[in-house]
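Everything in the sequence shown is counted per numbering that gives the first Met the number 0, starting at 0 for the first residue and increasing by one. Even glycine gets a Cβ: it sits at the ideal position worked out from N, Cα and C. Structure first, commentary second.
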Amino acid sequence: MSLFVDAHCHLDHPQFEKDMDAVIRRAKEAGVAAICTAGVHPASNRIALELAKKYPIVKACLGIYPPDALQREMYDAQWKPFDVDEEIEYIRKHKEHVAMIGEVGLDYADLASDKSAQREIFEKMIQLAEKLRKPLVVHSRKAEQECVEMLQSARTKKIIMHCFSGNFQLVKQIIDNGWFLTTPTHVVRAEHFQKIARDTPINQLLTETDAPFLSPIKEQRNEPAHVVVAVRKLAELKGMDIAEVERNIYMNFQQLI
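Below, the structure written as structure tokens:
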């Protein structure tokens, strides 16, 4: 029995609207045991809960993505401003059905980003994860140093640095802190993530697709079934058997949730 884990994806994305049943079926056929779908705003958080209720293989992760980054890149034309504190209360009320808090963090890709507002929201999400005793899934684009600094004083150590693109001094700090790093499916062509995979102890790694993004196959939609590609590449980079990597990743995931 295979136990592959997709620790981070976005099944609420419109690209999955028409064939969700088939996507889940292919994941099961590939041997995927758990799929973590990440909410980024109120509507996607609710979809995450609905999907987890419908498909036992799906685990709901609820979060608040940096709002100004959402406005810049949001794929949902229906998105509109929302009250952060109200959404935090919603997550709190549904804590029994929430596997992790995420996707949360900082995004400074746009020079016009409201950094102060982002930091305030991120701090609230860190505190929420601590109070609910849930793992935290962190986005840190162009803000890696600041994310690590903010997390340094967090009481929770169940921290997953999703698709971490920071320098290797920060990677070492993350490893020393006992946090987790992910190996995404595009590791097959991304040297940065290959080095992270080689340097990070196997007991601090998870695999993810970030589907429908970061496909290992160019110009093709990514999906949870493809997480097997990340496991195979990780086994190659580590000089380990695929089954051994699969087992370790699954144990890491179980330890977190």
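- Scanning M19, V31, D20 and Y64 for the CA closest to the CA of H40 turns up Y64.
- CA-CA distance, E207 to P223, rounds to 8 Å.
- Ranked by how close their Cα comes to the Cα of Y107, the residues F121, N166 and S139 have S139 in first place.
- Under the DSSP assignment, D113 falls outside any alpha helix (DSSP H); it carries neither an H nor an E label.
- Counting C-beta atoms within 10 angstroms of its own C-beta, I216 has fewer than 16 neighbours from the protein chains shown and is therefore classed as exposed.
- For A26, the number of other beta carbons within 10 angstroms of its own is at least 16, and it is reported as buried.
- Annotated as proximal: L61 and L48, with beta-carbon spacing under 9 Å.
- When C-alpha distances from E235 are compared across K58, D11, I159 and V186, the shortest belongs to V186.
- Of C162, L169 and L135, the smallest CA-CA separation from E145 is found for L169.
- In this structure, F3 places its C-beta atom within 9 Å of the C-beta atom of E245.
- Taking the Cα positions, G104 is about 10 Å away from H161.
- Under DSSP, P183 shares a beta bridge with E207.
- Note that the stretch 125-133 touches the stretch 147-162; at least 3 beta-carbon pairs, one per stretch, sit closer than 8 Å.
- A distance below 6 Å between beta-carbons, with the five flanking residues on each side excluded, links E102 to the following residues of its chain, in chain order: A37, V39, G62, Y64, V136 and H138.
- When the beta-carbon positions are compared, L50 and D5 stay at least 9 Å from each other.
- Around the beta carbon of A210, 16 or more other beta carbons sit within 10 angstroms, so the residue counts as buried.
- Looking from the CA of E95, the closest CA among G177, A59 and F121 belongs to A59.
- In the three-state reduction of the DSSP assignment, A33 falls in the strand class, which pools E and B.
- Sequence-distant partners of F179 (beyond 5 residues in either direction) whose C-beta falls short of 6 Å from its own C-beta, in its chain, are I159, Q203 and L205.
- Rounded to whole angstroms, the gap between the alpha carbons of L233 and I201 is 9 Å.
- Excluding its 5 nearest sequence neighbours in each direction, A242 has no C-beta neighbour in its own chain below 8 Å.
- Beta-bridge partners of C8 (DSSP): T36.
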